[in-house]
Amino acid sequence: LQRCLADEDPYVKKTAAMCVAKLFDISPSMVRDQGFLDQLRELICDANPMVVANAVAALSEILSDRDVLELTTTVLQKLLAALNECSEWGQVFILDFLAKFTPGDA
Numbered sequence: 006l007q008r009c010l011a012d013e014d015p016y017v018k019k020t021a022a023m024c025v026a027k028l029f030d031i032s033p034s035m036v037r038d039q040g041f042l043d044q045l046r047e048l049i050c051d052a053n054p055m056v057v058a059n060a061v062a063a064l065s066e067i068l069s070d071r072d073v074l075e076l077t078t079t080v081l082q083k084l085l086a087a088l089n090e091c092s093e094w095g096q097v098f099i100l101d102f103l104a105k106f107t108p109g110d111a
């Protein structure tokens, strides 16, 4: 799974991102211990908008009441860029994800 999250093929990466969410349902400790959450966070900055959307979908599924991702200006810009280029399905996940955050003081 770690190799798939770092694969060059966007299809492999977007599928692996969803696998992390499913693995989290089975074994949350394994996802944390193996560093899969960090790899999902890195996928947020991927060049492919569908990889970004699937990473957001996986993080949203894993996200309970704690912050899984720090919403920095860079991350926000990446999400907004992906929002413009991904499918309607991806747009819904990105918008839902962004709706969970309260902007801080600028």
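Anchor point for the sequence shown: position 78 equals 83 in the working numbering, and the numbering is continuous, going up by one each time.
Ideal Cβ positions, reconstructed from N, Cα and C, are used throughout, including at glycine.
Cβ of residue i within 7 Å of Cβ of residue j?
{"i": "VAL63", "j": "ALA26", "result": "Looking at the sequence shown, residue 63 is not Val but Ala. A contact, by the Cβ cut-off of 7 Å."}
{"i": "ALA22", "j": "ASN53", "result": "no"}
{"i": "MET55", "j": "CYS91", "result": "yes"}
{"i": "ILE99", "j": "LEU84", "result": "yes"}
{"i": "SER113", "j": "PHE102", "result": "With the chain represented from 6 up to 111, any question about residue 113 goes unanswered, as that position is not in the structure."}
{"i": "ASP12", "j": "LYS18", "result": "yes"}
{"i": "CYS24", "j": "LEU6", "result": "yes"}
May I have the straight-line CA-CA distance separating residue i from residue j, to the nearest angstrom?
{"i": "ASP14", "j": "LEU48", "result": "13 Å"}
{"i": "ASN89", "j": "LEU28", "result": "29 Å"}
{"i": "GLN44", "j": "ARG37", "result": "11 Å"}
{"i": "THR79", "j": "CYS50", "result": "8 Å"}
{"i": "SER34", "j": "ARG46", "result": "17 Å"}
Put residue i into one of helix, strand or coil per three-state DSSP.
{"i": "GLN44", "result": "helix"}
{"i": "SER65", "result": "helix"}
{"i": "ILE49", "result": "coil"}
{"i": "ASP30", "result": "helix"}
{"i": "LEU6", "result": "coil"}
From the options, pick the residue whose C-alpha is nearest to that of residue i; which is it?
{"i": "GLN96", "options": "VAL61, GLN82 and ASP43", "result": "VAL61"}
{"i": "LEU76", "options": "ASP51, ALA104 and GLU93", "result": "ALA104"}
{"i": "GLN82", "options": "VAL57, MET35 and TYR16", "result": "VAL57"}
Along the chain, where does the alpha helix (DSSP H) that runs through residue i open and close?
{"i": "SER34", "result": "33-38"}
{"i": "ALA104", "result": "93-104"}
Does the ligand FMN have even one heavy atom less than 6 Å from the beta-carbon of residue i?
{"i": "ALA58", "result": "In the structure on display, the ligand FMN does not appear, and there are no ligands present to speak of."}
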